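Visitor: Protein chains in written order, with this note's numbering: chain A, 817 to 1026; chain B, 817 to 1026.
First, the structure itself, so that you have it in front of you.
Number of protein chains: 2
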Amino acid sequence: MSADTKERLIQAAAPIFADKGYRETTVAEICEAAGANIAAVNYHFGDKANLYTEVWKYLNTIALKAYPFPDDHFEIGPEEWLRRFLRSRLECIFCDTLAGLCPKLIHKEMNERTPKHNELFLTYLKPNRDRARLAVRDYIGRDIGDVQLDLLTQNFMGVHISLNAGYQKHKNDPEHMHKFAQYQNIGPLIEQVETFALGGLKEVKKSLNP
Amino acid sequence: MSADTKERLIQAAAPIFADKGYRETTVAEICEAAGANIAAVNYHFGDKANLYTEVWKYLNTIALKAYPFPDDHFEIGPEEWLRRFLRSRLECIFCDTLAGLCPKLIHKEMNERTPKHNELFLTYLKPNRDRARLAVRDYIGRDIGDVQLDLLTQNFMGVHISLNAGYQKHKNDPEHMHKFAQYQNIGPLIEQVETFALGGLKEVKKSLNP
DNA sequence: GCCGTTTTCAAATGACCATTTGAAATATTT
DNA sequence: AAATATTTCAAATGGTCATTTGAAAACGGC
């Protein structure tokens, strides 16, 4: 059945792309994992790059459903929004369900210029950054230059991004395995990260006092 | 002259590897840039991977000389050490001399598993992380679990790492060009980043109060 | 159960690239 | 300057992959 093979290809490709990135993943191994013929990817998707964007769509939908973004911050205020945003990112990174493949895929993409990089960046990544920037601006609450705001947003976002990078890097490393993954109660760790990120913002806010 | 060609290859390869990473760089283009024959890399270095490690050695030496690490922190104290460490990393990232290629190369390597990854990581990256971890531990100054300390170190290091990633990504992007690069006076920006990173540490320290 | 369409398949194609080869050129030694 | 070692060179080799091809198989409407 056609639709079935197409779905199987996406589901088989997702963990492989997330594990090895775009270039290191071969069409052959995806097809093998999906139990499909070597020509299946080109038949169903045209080429490897299109399958890759389908995998993004697939994983992003799953992750967004399991770890939704907080609503806009007009009600809860920017600080609480930032806290919830960060928490949902961290929970997604450290979860071991399918949704966890999404941060993994992002991590791989961030440092590889795949054929679809710009499209993916604009569709899936930039909007989040822009929303966070808005919240950071409102949190600071006074005049701050564009460059300074971009820098601060980058710092804030960098907290979970670099955690993601470190986690992906060491997750399967026997020496580091114990670190976060097998830590039963991840809640206090997440709180510590929140304290760090919000603490950084707080000090910068303080330093901007007139 | 032999030694001459060898040097030329390293110097020509450095900016190319730093720009495109290991895999995307072809031996052919390195040789062309160096004005050498296609066989020169294999003749002088054995293979592409060995040339790559030579480039690491070359750029690391240059960067370390221009932006040295602070001395051990028994005299200046851990907070000042962390501040100086961060500052020297940031200055290196934002400089536009040859030394700036080193963070660029690191950035590329971090997310690509080159044949020499483990060796390079252990030689050039891990020692810095371990030194920073020591300083963070002394800064906190009281009992903190291994996992918590690793996490906090990762957060602190992540500040400049993710800044490096963002900077490398957008440096040549016409829309973002203005952000940091053409900013004449980078000092205040660096101070803001320091405030963020040290502020994060400070809050975590505070939250650990008995 | 026949016919047009869709999907699968194994084998071929062609592009890209690191590395090898062996001869020619250049440098070094005596 | 002859003999030897080193370095350069253009062309060939071989491996890896994405993609194509055209025939076979499965499917769906009638």
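Just so you know, even glycine gets a beta-carbon here, dropped at the ideal spot from N, CA and C.
Everything numeric in this text was worked out from a predicted model, so none of it was measured.
Any idea what DSSP makes of glutamate 928 of chain B, helix, strand or coil?
Guide: Here glutamate 928 of chain B sits in coil by DSSP.
Visitor: Skipping 5 residues on each side, what residues in its chain have a beta carbon closer than 7 angstroms to that of glutamate 1010 of chain B?
Guide: Cβ within range, chain order: Arg899, Leu902 and Arg903.
Visitor: Are the C-beta atoms of leucine 941 of chain B and some chain A residue less than 8 angstroms apart?
Guide: Leucine 941 of chain B does not count as touching chain A.
Visitor: Taking the Cβ atom as the reference point for each residue, do isoleucine 878 of chain B and asparagine 980 of chain B lie within a distance shorter than 8 angstroms?
Guide: No; because the gap between Cβ atoms is not below 8 angstroms, this pair is not in contact.
Visitor: In chain order, what residues of the same chain lie with their CB nearer than 8 angstroms to the CB of leucine 968 of chain B, ignoring the 5 residues before and after it?
Guide: Around leucine 968 of chain B: Val952, Ile956, Ile960, Leu1017 and Val1020.
Visitor: Figure out for me which residue from B:Lys864, B:Lys836, B:Arg839 and B:Ala834 has the closest Cα to the Cα of cysteine 847 of chain B.
Guide: The option with the nearest alpha carbon to cysteine 847 of chain B is B:Lys864.
Visitor: Here's a check: name, in chain order, each residue in its chain whose Cβ is nearer than 6 angstroms to the Cβ of proline 886 of chain B, leaving out the five neighbours to either side.
Guide: Taken in chain order, the residues that qualify are Trp897, Arg900 and Phe901.
Visitor: Does the Cβ of arginine 958 of chain B have 16 or more other Cβ atoms within 10 Å, making it buried, or fewer, making it exposed?
Guide: Classification for arginine 958 of chain B: exposed.
Visitor: Under 8 angstroms, Cβ to Cβ, is there at least one residue of chain A near valine 952 of chain B?
Guide: Judged by the 8 angstroms Cβ criterion, valine 952 of chain B is not in contact with chain A.
Visitor: On the premise that alanine 828 of chain B lies in contact with cysteine 850 of chain B, defined as a C-beta separation below 8 angstroms, what is that separation, rounded to the nearest angstrom?
Guide: It should be noted that the sequence gives alanine, not cysteine, for residue 850 of chain B. Between alanine 828 of chain B and alanine 850 of chain B the Cβ distance is about 4 angstroms, and since that is below 8 angstroms, they are a contact.
Visitor: According to the Cβ coordinates, are leucine 804 of chain B and tryptophan 872 of chain B closer than 8 angstroms?
Guide: This structure cannot settle anything about residue 804 of chain B, because the visible part of chain B is limited to 817 through 1026.
Visitor: Name, please, each residue of chain A whose Cβ falls closer than 9 angstroms to the Cβ of valine 975 of chain B.
Guide: Chain A residues near valine 975 of chain B: Asn971, Gly974, Val975, Ser978 and Gly1016.
Visitor: Have a look at A:Lys836, A:Ser1023 and A:Asn1025 and flag the residue whose alpha-carbon is nearest the alpha-carbon of glutamate 802 of chain B.
Guide: Residue 802 of chain B is absent from the model: chain B starts at 817 and stops at 1026.
Visitor: Please say whether alanine 852 of chain A and arginine 824 of chain A have beta carbons closer to each other than 8 angstroms?
Guide: Result yes, Cβ atoms of arginine 824 of chain A and alanine 852 of chain A sit closer than 8 angstroms.
Visitor: Apply the 10 Å Cβ neighbour rule to isoleucine 854 of chain A and answer buried if 16 or more other Cβ atoms are within range, or exposed otherwise.
Guide: That one is exposed.
Visitor: Counting only Cβ pairs nearer than 8 angstroms, list the residues of chain B close to leucine 1005 of chain A.
Guide: Result: Val963, Gln964 and Leu967.
Visitor: Quick one: what's got a C-beta closer than 7 angstroms to methionine 973 of chain A's C-beta in the same chain, skipping five residues either side?
Guide: These residues qualify, in order along the chain: Arg945 and Ala948.
Visitor: Can you name the residues of chain B whose CB is closer than 8 angstroms to the CB of asparagine 1025 of chain A?
Guide: Chain B residues near asparagine 1025 of chain A: none, gap ~12 angstroms exceeds 8 angstroms.
Visitor: One question on the structure: do asparagine 876 of chain B and tyrosine 940 of chain B come within less than 8 angstroms of each other, judged by their Cβ atoms?
Guide: Yes. Within cutoff.
Visitor: Does DSSP classify glutamate 823 of chain A as helix, strand or coil?
Guide: Of the three classes helix, strand and coil, the one that applies to glutamate 823 of chain A here is helix, per DSSP.
Visitor: Per DSSP, what kind of secondary structure is isoleucine 960 of chain B in: helix, strand or coil?
Guide: Residue state, collapsed to three classes: coil.
Visitor: Between glutamine 1090 of chain A and chain B, is there a C-beta pair that is closer than 8 angstroms?
Guide: Outside the shown range of chain A (817 to 1026) lies residue 1090 of chain A, about which nothing can therefore be said.
Visitor: With DSSP run on the structure shown, which of helix, strand or coil describes aspartate 887 of chain A?
Guide: Note: aspartate 887 of chain A maps to coil in three-state DSSP.
Visitor: DSSP three-state call for aspartate 835 of chain B: helix, strand or coil?
Guide: Reduced to three states, the DSSP call for aspartate 835 of chain B is helix.
Visitor: Tell me the rounded alpha-carbon separation between aspartate 912 of chain B and histidine 933 of chain B.
Guide: Aspartate 912 of chain B and histidine 933 of chain B: Cα-Cα distance of roughly 26 angstroms.
Visitor: What is the rounded straight-line gap between the Cα of serine 818 of chain B and the Cα of isoleucine 826 of chain B?
Guide: Annotation note: pLDDT 44 at serine 818 of chain B (below 50); position unreliable, no value reported.
Visitor: Using DSSP with H/G/I as helix, E/B as strand and the rest coil, what is histidine 860 of chain B?
Guide: It is helical.
Visitor: Which residue's Cα is closest to the Cα of leucine 1005 of chain A: B:Val963, B:Ile922, B:Ile892 and B:Thr930?
Guide: If we check each option's Cα against that of leucine 1005 of chain A, B:Val963 comes out closest.
Visitor: What do you get for leucine 917 of chain A, buried or exposed, if any count of 16 or more other CB atoms within 10 angstroms of its CB means buried?
Guide: Leucine 917 of chain A comes out buried.
Visitor: Where alanine 830 of chain B and histidine 860 of chain B are concerned, what is the direct C-alpha to C-alpha distance, given to the nearest angstrom?
Guide: Cα to Cα, the separation comes out at about 16 angstroms.
Visitor: Is it true that the CB of glutamate 895 of chain A sits closer than 8 angstroms to the CB of leucine 1014 of chain A?
Guide: Cβ distance < 8 angstroms, so leucine 1014 of chain A and glutamate 895 of chain A count as in contact.
Visitor: Just the C-alpha distance for glycine 982 of chain A and glutamine 970 of chain B, rounded to the nearest angstrom, thanks.
Guide: The alpha-carbon atoms of glycine 982 of chain A and glutamine 970 of chain B are separated by roughly 7 angstroms.
Visitor: Quick check on DSSP: helix, strand or coil for asparagine 1025 of chain A?
Guide: Coil, per DSSP.
Visitor: Starting from leucine 938 of chain A and walking both ways along the alpha helix (DSSP H), at which residues does that stretch end?
Guide: No alpha helix (DSSP H) holds leucine 938 of chain A; DSSP gives it neither H nor E.
Visitor: So, using beta-carbon positions, are arginine 905 of chain A and histidine 976 of chain A closer together than 8 angstroms?
Guide: Yes, the Cβ-Cβ distance between arginine 905 of chain A and histidine 976 of chain A is below 8 angstroms.
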